[in-house]
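Protein chains in written order, with our numbering: chain A, -11 to 391; chain B, 2 to 256. Built from N, CA and C at the ideal position, the CB exists for glycine as well. The model shown is predicted, which means the values in this text are computed figures rather than measured ones. First comes the structure, then the notes that go with it.
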Ligand code: SF4
């Protein structure tokens, strides 16, 4: 099998992992080395599905002794299998890196022979890349659940980021769809990484991924899981990957298209947890366990709390500003640092590049509201937001097409 | 008559000119480099004699924080035709408001300076990702870019650190200028310095490009196809210098 065919098989089977980021590490180049890591992450291209390409995302092999229901590489599937040698992976990585196609390598693998054996092979590859090829660029590697702790530590000391995918938000979900996997083993990896993390041990931290829409869990289940992962293991990111129906199985939902709008809502809510000081309970509860498909979670929240609005831009606290739809940390910081020096008007907000599309319904600038009538009703705002907001009308179209 | 002050286009002489104007209480209607200036009947084009005393420059420029100087430098790299005037007013106000200046977005010059410098910064960031090198048969790594702003020096510094053992040449096709990195030095050249550039690809270059194009196609999930998002993040103007997009660029209407 030639290199090109291997690359097709082993990138095709790696593409469902949503992780792409190359941020959070500031690995420096050394004298004879090649590469460095940029703290803010760099996108090198965008695929035709609109996703960023930052890393060479491949599997070492798509052979696997496990049989996870949702996975294209599962043992029981009749697909072409391939294995990269460590040298092949290094050569492609270095050649791509020198031409500035990529920021580094994202290496994952199906499980061959045993978790330990697979892990040893991954370590061999990454070791070679770091020490023979003197590669100082970004490496993200998957840890294989069930491999020994000493191997995990060895791998983590060579890479920038390490991750183990939780896949399903509840233990039952995982038992049902990934009978060979075990939540405890994944927890163990996360715990070890958290306890040992430092400059030379997974400096860019760890991340994980959940598949959305392959099992019955609600958005509340998913987001609660994320929140507890962030708190317990200091994860850098939880990625959400809308389930792409690759297999048919009576345990899997029969959908034709991945639930992209839902995935997007979860990402938005995830940001609200990490950067906007929101708690899961602010957004969802058992009476209301799934996100509104038509409105983003923050706008939805604000509309349910209209009594708190409009907020005066020149007085509201930083955290109150963050809760205004359309205002993010960058805008909120600009507002707070500027208003010491002058009174902010609607015009000034425009100059500061603060998007008013959503925000205008929820703010006052120096006592002024954007419209004559200061107490707009919920229905009025919702309707105008839906009409103005391309994103939700696109969402509507997708809905009617796919669900 | 409009008083238009001329300078040689370099960053240092722009700074010296701005200080000279401020020190002599002269208000420019515009500031232009010799190269870009087009004579005009309404203008009074002036090549002013710059102040010679270093101490005077220091007394102005040392008052500007590194944050402010960073913004000034990035505005200088911008392709905006008002950039020199923006710099003049920005520096003038920075001397008055000190570091507070960057929060005073209600002042037009501050707002414009921040926008231009942000644009230069974000274009630089984009090209750090989108620039593509090709390996030539003499071992040189060669890239062509067409940036809106004059960011070749920023790019050269970025890649110098990454590709320590390689020599590379980056060409800005819009300005016909080059950055050559050899050993640990960067040289800036123009068409006159480069008599003839032989672009002969190394033996396995085509194979590697083919591998990359293959990867690029395979990694997209077809059930998630979203050309609009792709175009949003990576507008068409970058495509012609990107190996994986060349073909699509050729087949598209090239607006
Ligand atoms: S362990 Fe499960 S998810 Fe991973 S490759 Fe094997 S079958 Fe797929």
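With distances taken Cα to Cα, identify the nearest neighbour of residue i among the options.
i                      : options                       : result
residue 10 of chain B  : B:77, B:109, B:41 and B:95    : B:77
residue 336 of chain A : A:353, A:328, A:276 and A:321 : A:353
residue 241 of chain B : B:144, B:13 and B:138         : B:144
residue -2 of chain A  : A:17, A:30 and A:44           : A:44
residue 63 of chain B  : B:96, B:38 and B:88           : B:96
residue 100 of chain B : B:212, B:230, B:86 and B:72   : B:72
residue 235 of chain B : A:40, A:264, A:348 and A:205  : A:40
residue 47 of chain A  : A:360, A:212, A:83 and A:106  : A:106
residue 15 of chain B  : B:85, B:200 and B:251         : B:85
residue 77 of chain A  : A:13, A:322, A:111 and A:16   : A:111
residue 113 of chain B : B:194, B:158, B:88 and B:254  : B:88
residue 322 of chain A : B:181, B:115 and B:187        : B:115
residue 33 of chain B  : B:25, B:249, B:3 and B:201    : B:3
residue 35 of chain A  : B:68, B:249 and B:35          : B:249
residue 304 of chain A : A:320, A:295 and A:316        : A:320
Any chance the CB of residue i is under 6 Å from a heavy atom of the ligand SF4?
i                      : result
residue 54 of chain A  : yes
residue 61 of chain A  : yes
residue 134 of chain A : no
residue 140 of chain B : no
residue 92 of chain A  : no
residue 98 of chain A  : yes
State buried or exposed for residue i, treating a residue as buried only when at least 16 other CB atoms are found within 10 Å of its CB.
i                      : result
residue 27 of chain A  : exposed
residue 346 of chain A : buried
residue 194 of chain A : buried
residue 251 of chain A : buried
residue 189 of chain B : exposed
residue 293 of chain A : exposed
residue 128 of chain A : buried
residue 201 of chain A : buried
residue 135 of chain A : buried
residue 208 of chain B : exposed
residue 163 of chain B : buried
residue 355 of chain A : exposed
residue 119 of chain A : exposed
residue 326 of chain A : buried
residue 169 of chain A : buried
Under 7 Å between C-beta atoms, does residue i make it to chain A?
i                      : result
residue 112 of chain B : yes
residue 219 of chain B : yes
residue 106 of chain B : yes
residue 227 of chain B : yes
residue 147 of chain B : no
residue 132 of chain B : yes
residue 198 of chain B : no
residue 180 of chain B : no
Leaving out five residues before and five after residue i in sequence, what residues of the same chain have Cβ atoms less than 7 Å from its Cβ?
i                      : result
residue 89 of chain A  : 32
residue 178 of chain A : 152, 194 and 221
residue 350 of chain A : 290, 297, 298, 299, 312 and 313
residue 307 of chain A : 265
residue 17 of chain A  : 23, 24 and 124
residue -11 of chain A : 70
residue 254 of chain B : none
In its own chain, which residues sit with a C-beta less than 6 Å from the C-beta of residue i, not counting the 5 before and 5 after it?
i                      : result
residue 56 of chain A  : 62 and 166
residue 380 of chain A : Note that residue 380 of chain A scores 47 on pLDDT, short of 50, meaning its location in the model is unreliable and no value can be drawn from it.
residue 51 of chain B  : 17 and 21
residue 382 of chain A : Confidence at residue 382 of chain A is low in this model, with a pLDDT of 49, below 50, so the placement of that residue is unreliable and no value is reported for it.
residue 157 of chain A : 198, 205, 209, 210 and 213
Sorted by chain position, which residues of the same chain lie with C-beta nearer than 8 Å to residue i's C-beta, five sequence neighbours on each side aside?
i                      : result
residue 37 of chain A  : none
residue 388 of chain A : A caution first: residue 388 of chain A carries a pLDDT of 38, below 50, which makes its placement in the model unreliable, though a value can still be read off. There are no such residues.
residue 197 of chain A : 5, 6, 7, 151, 153, 154, 155, 226, 227, 228 and 229
residue 73 of chain A  : none
residue 217 of chain B : 245
residue 1 of chain B   : Here chain B comprises residues numbered 2 to 256, so residue 1 of chain B is not present and cannot be evaluated.
Less than 7 Å between CB atoms is the rule here; does residue i satisfy it with respect to chain B?
i                      : result
residue 57 of chain A  : no
residue 338 of chain A : no
residue 387 of chain A : With a pLDDT of 40 at residue 387 of chain A, under the threshold of 50, the modelled position of this residue cannot be trusted; read the value that follows with caution. No, no contact with chain B.
residue 245 of chain A : yes
residue 308 of chain A : no
residue -5 of chain A  : yes
residue 35 of chain A  : yes
residue 232 of chain A : yes
residue 3 of chain A   : yes
Between residue i and the ligand SAM, is the CB less than 6 Å from at least one heavy atom?
i                      : result
residue 271 of chain A : By its list of ligands, the structure shown excludes the ligand SAM, since it contains just the ligand SF4.
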